[in-house]
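What follows is a single structure, written as structure tokens, with notes after it.
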Amino acid sequence: MKALPDPIIPGLPPSALAPMQDVTNKPFMDVVARHGPPDYFFTEFFRVHSSSTLEKSVLLSITDNRTERPVFAQLIGENLSDLARTVDALKPFPIAGIDLNLGCPAPKVYRKNVGGGLLRDPTAIDRIVGMLREKVDGLFTVKMRTGFEDTRHFDDLISILRRHDVDLLSLHARTVKDSYRSRVDYTYIREAVDRLACPVLANGNITSVTKARKVLDYTGCHGVMIGRSAIRNPWIFTQLRQYWRGQELFKPTLQDVRGYIDDLHRATWSEGIPEKAHLGRLKKFLNFIGLGVDEEGRFLYQMRRAHASPEFFGICDAFLVEGGNAEKPFPEEPYDGLVARPNCEVPKIVDLPACCG
Ligand SMILES: Cc1cc2nc3c(=O)[nH]c(=O)nc-3n(C[C@H](O)[C@H](O)[C@H](O)COP(=O)(O)O)c2cc1C
């Protein structure tokens, strides 16, 4: 097993920004880095099939990585020679390692037997992981869910990862069928930590520093991987480092959130993009930020219906700056019960056993 790159502060539990398709592209990685980078980045997945080439927009997050942090290239696919060819194609580029996606729950993906679809077939995973382990000279990592419709293969899957000596497992402790909504069962992360020699990053509903600490205590994991809550709160990686070092946590105000939205507005712009499309891109991010703006979801409701920039930014100002809002704290946790996207609900259930508080 090869060692991971040093985290920003060696000795502290590392953090990673979870790969998110159409989100964790180069501009968003830059935005996150400006607010305090995670220790590791992962690209959106490179699709691997018989005619695939490296997607330019994904490759840009590697070739033009200004975050000063290592980036792992994530692959999604199942054909051995296509995967091997893609590993070769990535060789000239400055990646920290190759990451295999074994979790994507989108039906159009899993029906092709890739991503989460592979979790139905441990024998195929054994072949793929074995081949990639041989083929990848540097770090070879896996991002996985606990199973497809249930966890019947989980033990086998962990044995496979162990046998092939993967260098890191990022475990999203839900099945594919659970999608993003259900309870996250961190006992599987604890089991993976117990059985694997490699580091394990806990993933799934790590919404805050407080939650990260509880998950770390409960699972004994090496570090945490955070997705949606880093869109809502891009300061979360800085806050984690502050927490581990016993420092006072940076507490963003609603005014800080307004500044973050301006940063996102600049980052989501591209030459020639119509205003409506640009706002559409921005709203994808605000769907998550809005979960921490007001408890009733009025910001989300109004923001989603804004058609033009002046109206849109007027709503942002009204909720985040005007009427004494600027100095109000941005809450650590998202408000319960608000919906980010149809398939990204904020879970109401407590997903750590009672012993974790
Ligand atoms: C919009 C979106 C896109 C995602 N795309 C990917 C992806 O490309 N690769 C991957 O391994 N996981 C992907 N995921 C899953 C996340 O990496 C992560 O495992 C999941 O969101 C749970 O973590 P969280 O609760 O911190 O968000 C995606 C999740 C979301 C919400």
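In my numbering, the protein residues as written are 15 to 371.
Even glycine gets a Cβ: it sits at the ideal position worked out from N, Cα and C.
In this text, all values refer to a predicted model and were calculated from it rather than measured experimentally.
Check whether the region 179-188 and the region 211-222 are in contact - that is, three or more C-beta pairs closer than 8 angstroms.
yes
Just to confirm, does Val101 get its C-beta within under 6 angstroms of one of the non-hydrogen atoms of ligand 1?
The residue labelled residue 101 in the question sits at position 87 within the sequence shown. Incorrect: Val101 has no Cβ contact closer than 6 angstroms to ligand 1.
Answer with buried or exposed for Leu352, where buried requires no fewer than 16 other C-beta atoms within 10 angstroms of its C-beta.
Taking the first residue of the sequence shown as 1, we reach residue 352 at position 338. Its Cβ being crowded by 16 or more others within 10 Å, Leu352 is buried.
Would you call the region 140-149 in contact with the region 104-115, where contact means no fewer than 3 C-beta pairs closer than 8 angstroms?
yes
Residues that Arg61 bridges to, as DSSP identifies them
Indexing the sequence shown from 1 puts residue 61 at position 47. Ile90.
Thr155 versus Glu58 - alpha carbon distance
Taking the sequence shown and counting its residues from 1, one reaches residue 155 at position 141. Taking the sequence shown and counting its residues from 1, one reaches residue 58 at position 44. Each residue's alpha carbon lies about 14 angstroms from the other.
At a cut of 8 angstroms, does the region 46-56 reach the region 248-264 through at least three beta carbon pairs?
yes
Cβ of Pro136 within 7 angstroms of Cβ of Leu182?
Your numbering for residue 136 matches position 122 in the sequence shown. Your numbering for residue 182 matches position 168 in the sequence shown. Going by C-beta atoms, Pro136 is not nearer than 7 angstroms to Leu182.
Under the criterion of a Cβ to heavy atom distance below 6 angstroms, does Phe299 qualify as lining ligand 1?
In the sequence shown, the residue the question calls residue 299 occupies position 285. Every heavy atom of ligand 1 is 6 angstroms or more from the Cβ of Phe299, so no.
Cβ-Cβ separation, Gly130 to Phe168 (assumed contact under 8 angstroms), whole Å
Working through the sequence shown from its first residue, we reach residue 168 at position 154. Working through the sequence shown from its first residue, we reach residue 130 at position 116. With 8 angstroms as the limit, Phe168 and Gly130 do not qualify as a contact, their Cβ atoms being about 13 angstroms apart.
Residue range of the alpha helix (DSSP H) that includes Met34:
As a working note, residue 34 is residue 20 in the sequence shown. Note, Met34: premise wrong, no alpha helix (DSSP H); not H, not E.
From the DSSP output, in three-state form, read off Gly130 for me.
On the sequence shown, residue 130 is found 116 positions in, with the first residue counted as 1. Residue state, collapsed to three classes: helix.
At a cut of 8 angstroms, does the region 94-109 reach the region 57-72 through at least three beta carbon pairs?
yes
Check whether the Cβ atoms of Thr233 and Arg204 sit closer than 7 angstroms, and answer yes or no.
On the sequence shown, position 219 is the one that residue 233 refers to. On the sequence shown, position 190 is the one that residue 204 refers to. In contact: Thr233 and Arg204 (Cβ atoms closer than 7 angstroms).
Which residues share a DSSP beta bridge with Ala216?
Mapped onto the sequence shown, residue 216 falls at position 202. Per DSSP, Leu185, Val238.
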